[in-house]
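Colleague:
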Amino acid sequence: MLTILKQSFPGATVNPVTAVYLNAVIEYLVADLLEVAMRAAVERTREKNASFRITLVDVLNGIEKDHEVKSLTETVLQRDQLMTVG
Numbered sequence: 001m002l003t004i005l006k007q008s009f010p011g012a013t014v015n016p017v018t019a020v021y022l023n024a025v026i027e028y029l030v031a032d033l034l035e036v037a038m039r040a041a042v043e044r045t046r047e048k049n050a051s052f053r054i055t056l057v058d059v060l061n062g063i064e065k066d067h068e069v070k071s072l073t074e075t076v077l078q079r080d081q082l083m084t085v086g
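Under full-length UniProt numbering, the residue at position 57 of the sequence shown is numbered 57, and the numbers go up by one with no gaps.
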């Protein structure tokens with residue numbers, strides 16, 4: 001992660017603690033996303049008596065049902081659209 005940060009910000013000083021912190025944040029977000037996807041997959045398998053696999057549809061349904069994750073993804077997408085337009 002430190003190497004990626006240094007490549008992304010050439011000429012800037014990157015503290016190694018920053019890489020550790022960023023890695024922890026990404027790990028937390030991925031774990032949260034997998035948790036909401038798992039809940040959606042469990043609901044789907046109960047309804048259809050299907051095999052348990054987390055699919056992209058489960059991830060998207062999980063995002064829709066979890067207020068915090070949905071808010072985060074909407075904010076990121078809005079900023080991305082502003083950056084591409086501007």
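No residue lacks a Cβ here, since even glycine has one placed at the ideal position from N, Cα and C.
Just so you know, these numbers come straight off a predicted model, no measurement behind them.
Excluding the 5 residues preceding and the 5 following Arg39 in the sequence, name in chain order all residues of the same chain whose CB lies nearer than 7 Å to its CB.
Modeller: The residues are Gly62.
Colleague: Under the three-state reduction of DSSP, which class applies to Val25: helix, strand or coil?
Modeller: It is helical.
Colleague: Specify the secondary structure class of Val14 as computed by DSSP and reduced to three states.
Modeller: Here Val14 sits in coil by DSSP.
Colleague: Per DSSP, what kind of secondary structure is Arg53 in: helix, strand or coil?
Modeller: Coil, per DSSP.
Colleague: Whole-angstrom Cβ separation of Asp58 and Ala31, contact assumed at under 8 Å?
Modeller: Not confirmed; about 15 Å, so no contact.
Colleague: What number of angstroms, rounded off, separates the C-alpha of Asp80 from the C-alpha of Glu43?
Modeller: Roughly 32 Å between the two C-alpha positions.
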